[in-house]
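Colleague: Sharing a structure with you now.
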Amino acid sequence: MSGGQAVALGIALVTALLSAGVFTLAWRQDKVSAVVGKMDPDANRAAVRHPQLTPMTAERATAEAPEAAVEEPAPAAAKPVIIELTQAEYGETRRQFLNRATGASFGAFLAFLGITGLAFLWPRLSGGFGSKIDAGDIDEIKQAIFQPDGTIEPFYVAAAKTYVMPFAESEAVGTDFEGLDVFAAGLTGLFQKCVHLGCRVPWCSSSQGFECPCHGSKYNAHGEYEAGPAPRNLDRFALEVVDGRLLINTGQIRDTPRAKVKTVQYPQGVNCV
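Every number in our numbering is 1 more than the matching position in the sequence shown, counting from 1.
See below:
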């Protein structure tokens, strides 16, 4: 697992824990809040109109009150419509609603942040830069590189941001490239980015090398440092051949220090920069 993948997994894990904590806190606040009921105003008014009588006051009232004519009972009032609420509905308060809404919003933001970070750092599993790129048939690539006049032209793979160049593993004996997995079928794959400040380094056909127009760094056809402020050789990718096709693993970048011993002549003509 690379450093970028480890960072991505860490961000995702922290985001998940924060989201869980926010939701748990909001839920516990809702549980702790007490359910407060309200007294029925009709019952309150009835209690004021009809105070409770003790046995003594009831006997005195009976003795003092004159006999009254028996009245017929008044018709019963219509029963009020009672709308039943669930315990959850009755216990819902404005504060609880705001707590839940705030927690949900913050949790959604953290989830979005985590997914965005993961998508940015994690290599695209379905293909594209950061994964293995099929550069094409080996024979067709070599045919495109070697020109009739004896010069070479890079085979550029846009999806891999790579210049495929001829470089046999036998030529790398005694250099910093020896033992690296950057060779396949006599080819190597150079990352297009200048190791100085990241500009794309174009190919100069006349000098048969890579020359950066930004600050003048120069590299030969094998990507070895020749001149300028660049701190090392051009970076390159791990290569492999599967069923006669060249695969460039853009998730595996190999860097090497400035070459002390050059493996190819440079320049072979007029410089472009």
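Don't be surprised by glycine CBs; every beta carbon is placed ideally from N, CA and C.
Because the structure is a prediction, the values reported are computed rather than measured.
Pull up the CB-CB distance for Ala231 and Val265, whole angstroms please, since I reckon it's below 8 Å.
Modeller: Residue 231 sits at position 230 when you count from the first residue of the sequence shown. Residue 265 sits at position 264 when you count from the first residue of the sequence shown. About 17 Å; that fails the 8 Å criterion.
Colleague: Measuring CB to CB, does Gly137 end up less than 9 Å from Arg237?
Modeller: Your numbering for residue 137 matches position 136 in the sequence shown. Your numbering for residue 237 matches position 236 in the sequence shown. No; because the gap between Cβ atoms is not below 9 Å, this pair is not in contact.
Colleague: Would you kindly work out how many angstroms separate the C-alpha atoms of Ala161 and Thr16, rounded to a whole number?
Modeller: The sequence position of residue 161 within the sequence shown is 160, counting from 1. The sequence position of residue 16 within the sequence shown is 15, counting from 1. Straight-line Cα distance between these residues: approximately 31 Å.
Colleague: If you draw a straight line from the C-alpha of Cys273 to the C-alpha of Pro203, how long is it?
Modeller: As a first step, residue 273 is located in the sequence shown; it is residue number 272 there, counting from the start. As a first step, residue 203 is located in the sequence shown; it is residue number 202 there, counting from the start. Computed Cα separation, rounded: 10 Å.
Colleague: What does a CB cutoff of less than 6 Å around Lys143 pick up in its chain, not counting 5 residues either side in sequence?
Modeller: If you number the sequence shown from 1, residue 143 lands on position 142. Setting aside the 5 residues that flank it on each side, Lys143 has no residue in the same chain whose C-beta is closer than 6 Å to its C-beta.
Colleague: Rounded to whole angstroms, what's the CA-CA distance from Val196 to Gln253? Just pull it up for me.
Modeller: Along the sequence shown, one-based indexing puts residue 196 at 195. Along the sequence shown, one-based indexing puts residue 253 at 252. Going from the Cα of Val196 to the Cα of Gln253 covers about 16 Å.
Colleague: Which of the three DSSP states is assigned to Ala231 in this structure?
Modeller: Your numbering for residue 231 matches position 230 in the sequence shown. The answer is coil: DSSP assigns Ala231 none of H, G, I, E or B.
Colleague: Across which residues does DSSP place Glu241 in a beta bridge pair?
Modeller: Position 240 of the sequence shown, counting from 1, holds the residue named residue 241. DSSP, once it has assigned bridges, lists Leu248 as partnering Glu241.
Colleague: Taking the CB atoms as reference points, tell me whether Phe178 and Phe184 lie closer together than 9 Å.
Modeller: Taking the first residue of the sequence shown as position 1, residue 178 is located at position 177. Taking the first residue of the sequence shown as position 1, residue 184 is located at position 183. In contact: Phe178 and Phe184 (Cβ atoms closer than 9 Å).
Colleague: State the CB to CB distance for the pair Thr163 and Ile249, rounded to an integer number of angstroms; the pair is presumed to be in contact (CB under 8 Å).
Modeller: Working through the sequence shown from its first residue, we reach residue 163 at position 162. Working through the sequence shown from its first residue, we reach residue 249 at position 248. Right, their Cβ atoms sit about 5 Å apart.
Colleague: Among the candidates Ala260, Ala239 and Cys205, whose CA atom is the shortest distance from the CA of Thr189?
Modeller: Translated into positions along the sequence shown, residue 189 becomes position 188. Closest by alpha carbon: Ala239.
Colleague: Are Glu227 and Lys263 touching if we call contact CB-CB under 9 Å?
Modeller: The residue given as residue 227 occupies position 226 in the sequence shown. The residue given as residue 263 occupies position 262 in the sequence shown. In this structure, Lys263 lies closer than 9 Å to Glu227 by Cβ.
Colleague: Given that a residue counts as buried once 16 or more other Cβ atoms are within 10 Å of its Cβ, and exposed if not, what is Leu111?
Modeller: Along the sequence shown, one-based indexing puts residue 111 at 110. Classification for Leu111: buried.
Colleague: I'd like the span of the beta strand (DSSP E) that includes Lys133, first residue to last.
Modeller: Mapped onto the sequence shown, residue 133 falls at position 132. Lys133: member of the beta strand (DSSP E) spanning Lys133 to Asp138, first to last residue.
Colleague: According to DSSP, is Gln269 part of a helix, a strand, or is it coil?
Modeller: Translated into the one-based positions of the sequence shown, residue 269 becomes position 268. Gln269 falls in the coil class under three-state DSSP.
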